[in-house]
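As you go down the protein sequences, you meet chains A and B in turn. Just so you know, the working numbering puts the end of the first sequence at 397, numbered straight through with nothing missing. Just so you know, the working numbering puts the end of the second sequence at 397, numbered straight through with nothing missing. Glycine included, each C-beta is placed from N, C-alpha and C at the ideal position. Here the structure is a predicted model, which is why all the values come from computation and not from measurement.
There are 2 protein chains.
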Amino acid sequence: MSRKDNTRAVAIVGVGDTRFGKQEGTGISPLAVSAARDALVDAGLEAKALEAIYVGNFCGEVLTGDALLGSLIANRLGITGVPAIRMEGACASGGLSVQAAIQAVRYGMVDTAMAIGVEKMTSQTTGVTTQALASAGDQAREMSAGATFPSLFGMIARAHMARYGTTREQIAAVSVKNRKYGALNPRAHFQAEVELNQVIESRPIADPLRLLDCPPISDGAAAVIVTTLERALDLVSDRAVNVAGTGQASGPVALSDAKDITQLEAPRAAAQRAYADAGLSAGDMQVVEVHDCFSISEILAIEALGIVPEGEGGVATHSGFTAGQGGPLVNSSGGLLSKGHPIGATGTSQVVELVRHLRGEAQYQAFGASTVGLAYNMGGAGAVATVTILERN
Amino acid sequence: MSRKDNTRAVAIVGVGDTRFGKQEGTGISPLAVSAARDALVDAGLEAKALEAIYVGNFCGEVLTGDALLGSLIANRLGITGVPAIRMEGACASGGLSVQAAIQAVRYGMVDTAMAIGVEKMTSQTTGVTTQALASAGDQAREMSAGATFPSLFGMIARAHMARYGTTREQIAAVSVKNRKYGALNPRAHFQAEVELNQVIESRPIADPLRLLDCPPISDGAAAVIVTTLERALDLVSDRAVNVAGTGQASGPVALSDAKDITQLEAPRAAAQRAYADAGLSAGDMQVVEVHDCFSISEILAIEALGIVPEGEGGVATHSGFTAGQGGPLVNSSGGLLSKGHPIGATGTSQVVELVRHLRGEAQYQAFGASTVGLAYNMGGAGAVATVTILERN
């Protein structure tokens with residue numbers, strides 16, 4: 005990969021995570037520290053090597069009573085003095101923190117940085133957690149009128165079906181595929197396959213979406229260490245994974261402000277920027293982790309990323325194209341639907357899974373060797389998006 | 005100012021804010037947008053000139069039900085597509101957002117960026133707001149045992165008195181000074197002077213701190229636009245204010261982890277880094293906005309910044325040294341104690357006030373012309389600190 009600007013080449017040298025799911029008897033800090041320590045071991049680094057820490061967390065204030073997680077997690081890792089910042093962009097908080105760490109190294113602010121994504125969601129009642137999730141929407145104009153994320157994505161699904169002829173079976177095929185992959189992932193929240201008719205006949209949530217079209221409420225953490233490519237090669241040799249390019253964009257928080265609810269703008273803009281930054285295109289991607297916050301979201305995602313043309317996400321999924329049959333492998337980790345969706349950890353975890361895949365260390369993602377892939381994380385219903393392209397060294 | 009590295013020279017070209025205080029009938033977004041639009045007018049820029057937005061907000065999820073404020077405020081300003089990120093470091097959220105905007109321009113990520121700090125604190129009951137404020141402490145180890153920020157700073161005050169012989173009168177002199185200045189500031193929450201004995205005899209909050217040793221609960225917003233020095237001079241000529249240097253550090257969240265509760269580490273480290281970055285020293289500072297979250301905090305602040313030696317903050321305040329009688333002018337805006345403390349807005353507002361002072365536009369800060377000053381913002385009890393040094397062009 006050649007850089008068009010005079011920034012530095014950056015690589016990922018360490019990744020770590022916890023299992024996603026209900027984690028009894030542990031708090032938000034121990035989860036984050038566990039993932040961070042695993043990443044340090046993976047990189048062969050001491051915590052004191054970290055010059056900046058970026059913590060992706062959505063809603064610690066409400067879910068566990070914790071703000072200031074940058075400093076808190078730095079403290080628990082035994083380091084003080086370094087910049088340690090919590091970044092929030094709802095479900096894209098993890099992606100934002102990974103890109104902040106990448107930019108800090110790329111632009112020469114620091115040589116080594118860590119991104120940590122974490123969320124502890126099961127400490128509160130479902131009512132409190134649901135209310136917290138709604139804070140990622142437009143309170144004044146939509147959520148206060150009773151909208152919820154399942155209902156917003158239910159409308160998106162209905163619109164996609166009406167406009168492109170996408171079928172209920174095609175949407176359910178996303179859940180079937182991701183549950184199949186998640187069943188192989190030892191860190192996934194759900195490790196059981198489901199059949200198409202089970203998805204379609206599961207409990208209604210927000211028509212046409214059913215329970216098995218939705219992700220679980222999970223606890224979890226994930227961490228990524230980035231450094232200069234030069235230092236990365238010294239540290240971990242060919243286990244270093246290059247950052248080929250990044251893209252980030254914001255978009256409407258209110259779904260009613262979207263120009264087209266079936267084709268969200270921010271994810272498309274983020275993808276185009278990342279491809280341009282990397283000098284690569286959608287056709288180059290061999291393995292892809294996308295933000296399937298609902299089954300319909302993965303269909304929107306592969307269209308926004310340019311992996312399939314507009315409106316063809318449903319057909320492509322049902323045909324097996326996104327299961328490596330002609331197309332890239334999409335969400336071979338199990339995705340949010342099966343691996344789980346601890347909000348602030350999700351974007352970081354996507355990068356962790358992608359790194360493992362590119363290194364050939366994700367044996368559960370048993371589909372041969374890939375050399376290039378991307379992770380796409382979204383906040384709200386298209387309110388913020390990050391796309392990070394990685395390449396095996 | 006000469007840069008030691010090869011980064012770009014950065015200047016502030018626009019500032020804006022709302023009055024601090026109880027703002028009835030308005031939400032968090034309108035407050036932020038009002039400050040942002042004023043900053044755009046001040047800079048002579050359209051919103052579409054902004055290439056990145058950093059929003060400092062502490063606890064929107066709890067206080068107004070709003071997360072994702074980066075995207076939300078960008079939307080309300082009529083721009084989408086740009087990176088728009090909410091950053092949180094408790095009471096230093098505003099300082100973090102200003103420094104993120106500065107770094108983004110300095111290191112060449114973008115040419116023009118805006119930092120917006122905002123908090124809407126009066127929408128909830130005092131109980132909910134107090135609980136939210138406690139989320140900036142160490143929940144697991146201190147706050148769950150009943151600690152509150154007034155009680156933590158009460159302990160700090162008591163320790164400072166015991167160790168250095170600091171008197172109740174000296175501590176109260178901070179409130180007297182800042183209320184005097186705030187009475188002149190048309191945007192301040194409190195605009196009435198107080199006498200020493202009124203402070204000392206006000207309602208006990210956490211011994212020895214009394215009501216008039218504490219800041220009010222305020223709503224408010226502030227915004228700062230940064231760009232390259234070259235572009236700044238084109239835009240606003242000699243109204244551009246140079247960023248001479250920045251420093252940032254994290255420290256213990258739990259007060260019980262501080263090596264010395266009268267001499268917090270992170271503020272000292274942030275100040276040392278900022279002075280080194282600017283090639284300036286404490287003695288060069290003519291006007292200083294510091295984080296007086298309680299009266300005792302200003303005494304700690306001027307010691308941490310090296311404006312007075314350790315232990316002499318009380319004497320210096322009582323003598324008038326920090327009212328420009330021999331020393332720099334400290335908190336001539338009124339500080340948090342008088343101007344108010346809408347958490348996420350505070351650090352941004354400090355920079356706004358400093359810019360106005362250096363430009364000679366803060367007639368209420370009627371103390372002649374200064375050319376160099378700093379803003380020091382702190383989160384928690386020393387958990388995070390930012391120091392930003394500005395110089396008149």
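query: Could one say the Cβ of residue 111 of chain B lies closer than 8 Å to chain A's Cβ atoms, at least one of them?; result: yes
query: Pick helix, strand or coil for residue 246 of chain A, following the three-state DSSP scheme.; result: strand
query: Any C-beta of chain B within less than 7 Å: which residues of the segment 70 to 103 of chain A qualify?; result: 70, 71, 72, 74, 75, 76, 78, 79, 84, 85, 86, 87, 88, 89, 90, 91, 92, 93, 94, 100
query: Which of helix, strand or coil does DSSP assign to residue 219 of chain A?; result: coil
query: Between A:213, A:271, A:54, A:365, which has its C-alpha nearest residue 336 of chain A's C-alpha?; result: A:365
query: With respect to the beta strand (DSSP E) encompassing residue 100 of chain A, which residues constitute its N-terminal and C-terminal limits?; result: Note, residue 100 of chain A: premise wrong, no beta strand (DSSP E); alpha helix (DSSP H) at 97 to 110.
query: If I follow the unbroken alpha helix (DSSP H) through residue 316 of chain B, where does it start and stop?; result: It is not in any alpha helix (DSSP H) - residue 316 of chain B carries neither H nor E in the DSSP assignment.
query: Shorter than 8 Å from the beta carbon of residue 151 of chain B to some beta carbon of chain A?; result: no
query: If we call anything under 8 Å between Cβ atoms a contact, is residue 339 of chain B one with residue 302 of chain B?; result: yes
query: Can you tell me whether residue 58 of chain B is helix, strand or coil according to DSSP?; result: strand
query: According to DSSP, residue 240 of chain A sits in a beta bridge with which residue or residues?; result: Paired residues: none, contrary to the question.
query: Give me the Cα-Cα distance between residue 287 of chain B and residue 378 of chain B, rounded to the nearest whole angstrom.; result: 12 Å
query: Just tell me which of B:80, B:64, B:108, B:21 has its CA closest to the CA of residue 250 of chain B.; result: B:108
query: Which residue's Cα is closest to the Cα of residue 63 of chain B: B:346, B:359, B:355?; result: B:346
query: Using three-state DSSP, classify residue 392 of chain B as helix, strand or coil.; result: strand
query: Between residue 33 of chain B and the rest of its own chain, which residues show a CB-CB distance below 7 Å, the 5 nearest in sequence each way excluded?; result: 76, 77, 80
query: If contact is defined by three or more beta carbon pairs under 8 Å, each pair taking one atom from either stretch, is the segment 40 to 54 of chain A in contact with the segment 9 to 19 of chain A?; result: yes
query: Tell me whether the segment 183 to 203 of chain A and the segment 236 to 247 of chain A touch, counting them as touching only if at least three CB pairs, one residue from each stretch, are closer than 8 Å.; result: no
query: Just list the residues that DSSP pairs residue 380 of chain B with in beta bridges.; result: B:391
query: For residue 22 of chain A, collect the residues of the same chain with a Cβ closer than 6 Å to its Cβ; drop the 5 residues on either side in sequence, then sort them by chain order.; result: 35, 38, 39, 224, 225
query: Contact criterion: CB-CB distance below 8 Å. Does residue 346 of chain A meet it with respect to chain B?; result: no
query: Could you check what DSSP says for residue 113 of chain B in three-state terms: helix, strand or coil?; result: coil
query: For residue 116 of chain B versus residue 11 of chain B, is the C-beta spacing smaller than 8 Å?; result: no
query: Distance check for residue 105 of chain B and residue 266 of chain B, CA to CA, integer angstroms please.; result: 31 Å
query: May I ask you to verify whether the segment 234 to 241 of chain B touches the segment 252 to 259 of chain B, counting CB pairs closer than 8 Å and requiring at least 3?; result: no
query: Judging by CA-CA distance, which residue of A:269, A:368, A:343 is the nearest neighbour of residue 382 of chain A?; result: A:269
query: Assess, as a yes-or-no matter, whether the segment 186 to 193 of chain B is touched by the segment 313 to 323 of chain B under the definition of 3 or more beta carbon pairs within less than 8 Å.; result: no
query: Hey, would you say residue 73 of chain B sits closer than 8 Å to residue 86 of chain B, going by beta carbons?; result: no
query: What is the DSSP secondary structure of residue 303 of chain A, counted as helix, strand or coil?; result: helix
query: What whole-angstrom Cβ distance do residue 26 of chain A and residue 126 of chain A have, given they're in contact under 8 Å?; result: 5 Å
query: Using a beta-carbon distance below 8 Å, is residue 387 of chain A in contact with chain B?; result: yes
query: In terms of alpha-carbon separation, which member of B:54, B:326, B:92 lies closest to residue 137 of chain B?; result: B:92
query: According to DSSP, is residue 118 of chain A part of a helix, a strand, or is it coil?; result: strand
query: Taking just the CA atoms, how far does residue 183 of chain B sit from residue 312 of chain B?; result: 22 Å
query: Rounded to a whole number of angstroms, what is the C-alpha to C-alpha distance between residue 217 of chain B and residue 376 of chain B?; result: 28 Å
query: To the nearest angstrom, how far is the alpha carbon of residue 97 of chain A from that of residue 89 of chain A?; result: 12 Å
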